[in-house]
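Novice: Attaching a single structure in structure tokens format; questions to follow.
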Amino acid sequence: MTSPTPTTGAREALKDASQLRQKRMIAEHYTRLARAPETGSRSVYTFVPGNLTELLRSFDLLPVLPEINALQSAMRGKSKEYIAIAEKAGQSEDVCTYVKADYGMMKAGNLGPTGEKLPDPDLLLLSYTGCFTFLKWFEMLRHEYKAPVVMLHVPYQADGRITESMRNYVVAQLRDKVIPELERISGKRYDEDRLRENLARSARAEEDLVAVLQSARRRPSPIDSYFGAVYYVGPIFSAFRGTEDACDYYRELRAEIDERVAQGLGPVTPDGQIGRERFRLVVEGPPNWTHFHEFWRMFADEGAVAVASTYSKVGGVYDTGFRHDPDHPLETLADYCMGCYTNLSLPSRVDMICRYVEEYEADGVLIHSIKSCNSFSAGQLAMLREIENRTGRPGGFIESDLVDPRYFSAANLKNRLESYFQMIDQKRGRLSA
Ligand code: SF4
1060 MTSPTPTTGA
1070 REALKDASQL
1080 RQKRMIAEHY
1090 TRLARAPETG
1100 SRSVYTFVPG
1110 NLTELLRSFD
1120 LLPVLPEINA
1130 LQSAMRGKSK
1140 EYIAIAEKAG
1150 QSEDVCTYVK
1160 ADYGMMKAGN
1170 LGPTGEKLPD
1180 PDLLLLSYTG
1190 CFTFLKWFEM
1200 LRHEYKAPVV
1210 MLHVPYQADG
1220 RITESMRNYV
1230 VAQLRDKVIP
1240 ELERISGKRY
1250 DEDRLRENLA
1260 RSARAEEDLV
1270 AVLQSARRRP
1280 SPIDSYFGAV
1290 YYVGPIFSAF
1300 RGTEDACDYY
1310 RELRAEIDER
1320 VAQGLGPVTP
1330 DGQIGRERFR
1340 LVVEGPPNWT
1350 HFHEFWRMFA
1360 DEGAVAVAST
1370 YSKVGGVYDT
1380 GFRHDPDHPL
1390 ETLADYCMGC
1400 YTNLSLPSRV
1410 DMICRYVEEY
1420 EADGVLIHSI
1430 KSCNSFSAGQ
1440 LAMLREIENR
1450 TGRPGGFIES
1460 DLVDPRYFSA
1470 ANLKNRLESY
1480 FQMIDQKRGR
1490 LSA
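Residues 1060 to 1492 in the working numbering are what the sequence shown spells out, letter by letter.
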């Protein structure tokens, strides 16, 4: 799947202190990457779900997340051009558009979201958490960059639980394959104390993130847990887990949300404060990035607020109690990787969404299906039927794409959303009649 950390879009005047802090963190990170050829810093390309940021940073390695570069390209209006480059080079229309946007960006000079050039990878760290495309994507990057690949095979949670042998299997790979490769690339010895310090910081930030996400149980919800959550999960899903910066960001964000709760305020959108909360939704699937604000506006104008989403769990599920545990450094990394939403079975995903409906008192469940994401579109309609049966709340289904603007049909989406909101209203009318 994906992940976030948009740097562009929301009007500067409406940005909270935490958002400005996040923007600065991202800018500094990309500048560090741009300077890597002079400073000698080494970079590791890796994926959002199952990323090993604390471990990478314990070797002073800089993470690069191609999914985030792809979504950033879309938010800057560049993905159309990049996808065209990839298709011209022979990639089919059906290939995941994150892959094509990333490939096109590389061929167009590999300029990152801040306009600075990204360094070539010194290592491709392939954490495999549930999507086969990850394998093919890094096969292609290995060919293009002539960079080594180390693969962490993360067993799928087929039965909805993590067993001791699954954990041992991942830990053995970390110890025997991943860490030796990181030592070789960085020229540094594995320092478990340093890793523990990073993990302790992760746990602090995770605690604050969960408090922020769970604030949506209130009425009105002070946050939008889908569009707004894109910003909230940014640092923890990407290059900053385990850093002091991330701890400061989440402490500040939590205080801002607490303040909104105290004032009884709803979420802030790029257009300002949302009006009356009319619909509380649980949303499955990532947002569209090419028309992010237009898409958000379609909900906000109707008073529709996402109170929970699965997208905000693709880079880690923390609201079930999991925290990175500094006392068991490799085991906790294994559990984190196996616990990402992308690594959960369909029944586990259904359970999670049904739980959210009850916990967050949602009026309905909406699936935003992604045309080019074969991994996660499969099974969504069956999931929706099951969720409707179990919760009795109406389900809605819309489709566009992540970063290919050709698949965003504003009129069609708006129509479908309006019909869906009417359906919720009718159902409420029937219940109260
Ligand atoms: S196919 Fe879907 S899950 Fe896989 S990389 Fe693409 S967007 Fe992510």
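Cβ coordinates follow ideal geometry from the N, Cα and C atoms, glycine included.
Can you say whether ASP1235 is buried or exposed, counting buried as having 16 or more other CB atoms within 10 angstroms of its CB?
Specialist: On the sequence shown, residue 1235 is found 176 positions in, with the first residue counted as 1. Exposed, because fewer than 16 other Cβ atoms sit within 10 Å of the Cβ of ASP1235.
Novice: In terms of residue numbering, what span does the beta strand (DSSP E) encompassing TYR1419 cover?
Specialist: In the sequence shown, counting from the first residue as 1, residue 1419 sits at position 360. That residue, TYR1419, is in no beta strand (DSSP E); it is neither H nor E in DSSP.
Novice: Quick check: LEU1092 and LEU1241, are their CB atoms within less than 8 angstroms of each other?
Specialist: By one-based count along the sequence shown, residue 1092 stands at place 33. By one-based count along the sequence shown, residue 1241 stands at place 182. The answer is no: Cβ separation not under 8 angstroms.
Novice: In terms of residues, what are the limits of the beta strand (DSSP E) holding SER1459?
Specialist: To locate residue 1459, count along the sequence shown from 1; it is residue 400. Start and end: 1454 to 1459.
Novice: In chain order, what residues of the same chain lie with their CB nearer than 7 angstroms to the CB of ILE1412, ignoring the 5 residues before and after it?
Specialist: Residue numbering aside, residue 1412 sits at position 353 when the sequence shown is read from its first letter. Counting only Cβ-Cβ distances below 7 angstroms, and skipping sequence neighbours, we find VAL1341, GLU1343, THR1369, VAL1424 and ILE1446.
Novice: What residues in its chain sit with their C-beta under 6 angstroms from that of LYS1247, if we drop five residues either side in the sequence?
Specialist: Working through the sequence shown from its first residue, we reach residue 1247 at position 188. The residues are PHE1118.
Novice: Under the three-state reduction of DSSP, which class applies to SER1428: helix, strand or coil?
Specialist: Position 369 of the sequence shown, counted from the first residue, corresponds to residue 1428. Three-state DSSP puts SER1428 in a strand.
Novice: Taking buried to mean at least 16 other C-beta atoms within 10 Å of its own C-beta, is SER1224 buried or exposed?
Specialist: In the sequence shown, the residue the question calls residue 1224 occupies position 165. With fewer than 16 other Cβ atoms within 10 Å, it is exposed.
Novice: Specify, as a first and last residue, the run of the alpha helix (DSSP H) that PRO1294 falls within.
Specialist: Mapped onto the sequence shown, residue 1294 falls at position 235. Its alpha helix (DSSP H) spans residues 1286 to 1296.
Novice: Under 8 angstroms, Cβ to Cβ, is there at least one residue of chain D near ASP1307?
Specialist: This model lacks chain D altogether, as it is built from one protein chain only.
Novice: If you draw a straight line from the C-alpha of ASN1347 to the C-alpha of MET1134, how long is it?
Specialist: Taking the first residue of the sequence shown as position 1, residue 1347 is located at position 288. Taking the first residue of the sequence shown as position 1, residue 1134 is located at position 75. Cα to Cα, the separation comes out at about 9 angstroms.
Novice: Can you tell me the Cα-Cα spacing of LYS1205 and PHE1197, whole angstroms?
Specialist: Within the sequence shown, numbered from 1, the residue matching residue 1205 stands at position 146. Within the sequence shown, numbered from 1, the residue matching residue 1197 stands at position 138. In a straight line, the C-alpha of LYS1205 is about 11 angstroms away from that of PHE1197.
Novice: Decide if the stretch 1090 to 1106 is in contact with the stretch 1346 to 1364; the criterion is three or more beta carbon pairs, one per stretch, under 8 angstroms apart.
Specialist: Segments in contact, no.
Novice: How about the stretch 1461 to 1470 and the stretch 1147 to 1159: do they share at least three Cβ pairs that are nearer than 8 angstroms?
Specialist: Flag = yes, the stretch 1461 to 1470 and the stretch 1147 to 1159 touch.
Novice: Taking only three categories from DSSP, how would you classify LEU1258?
Specialist: In the sequence shown, counting from the first residue as 1, residue 1258 sits at position 199. Correct three-state label for LEU1258: helix.
Novice: Going by DSSP, what residue range makes up the alpha helix (DSSP H) through VAL1229?
Specialist: On the sequence shown, residue 1229 is found 170 positions in, with the first residue counted as 1. Looking at the DSSP string, the run of the alpha helix (DSSP H) that includes VAL1229 is 1223 to 1232.
Novice: Relative to the alpha-carbon of LYS1473, which residue among MET1210, ILE1144, LEU1183 and ARG1356 has its alpha-carbon at the smallest distance?
Specialist: If you number the sequence shown from 1, residue 1473 lands on position 414. The residue with the shortest Cα to Cα distance from LYS1473 is ARG1356.
Novice: With respect to the alpha helix (DSSP H) encompassing ALA1143, which residues constitute its N-terminal and C-terminal limits?
Specialist: Start at 1 with the first residue of the sequence shown, and residue 1143 comes out as number 84. Here the alpha helix (DSSP H) through ALA1143 covers 1138 to 1147.
Novice: Is the beta carbon of PHE1358 within less than 7 angstroms of some heavy atom of ligand 3?
Specialist: Among the ligands modelled here, namely ligand 1, ligand 3 does not occur.
Novice: Quick check on the burial criterion: 16 or more other C-beta atoms within 10 angstroms. Buried or exposed for GLU1477?
Specialist: Numbered from its first residue, the sequence shown carries residue 1477 at position 418. Label assigned to GLU1477: exposed.
Novice: Going by CA-CA distance only, name the one from ILE1142, GLN1322 and PHE1191 that's closest to ALA1167.
Specialist: In the sequence shown, counting from the first residue as 1, residue 1167 sits at position 108. Comparing Cα positions, the closest option is ILE1142.
Novice: Here's the rule I'm using: 16 or more other beta-carbon atoms within 10 Å means buried, otherwise exposed. How should ARG1276 be labelled?
Specialist: Counted from its first residue, the sequence shown places residue 1276 at position 217. Burial call: exposed.
Novice: How about ARG1116 and SER1245: do their beta carbons lie closer than 8 angstroms?
Specialist: Counting from 1 along the sequence shown, the entry for residue 1116 is found at position 57. Counting from 1 along the sequence shown, the entry for residue 1245 is found at position 186. Cβ atoms of ARG1116 and SER1245: not closer than 8 angstroms.
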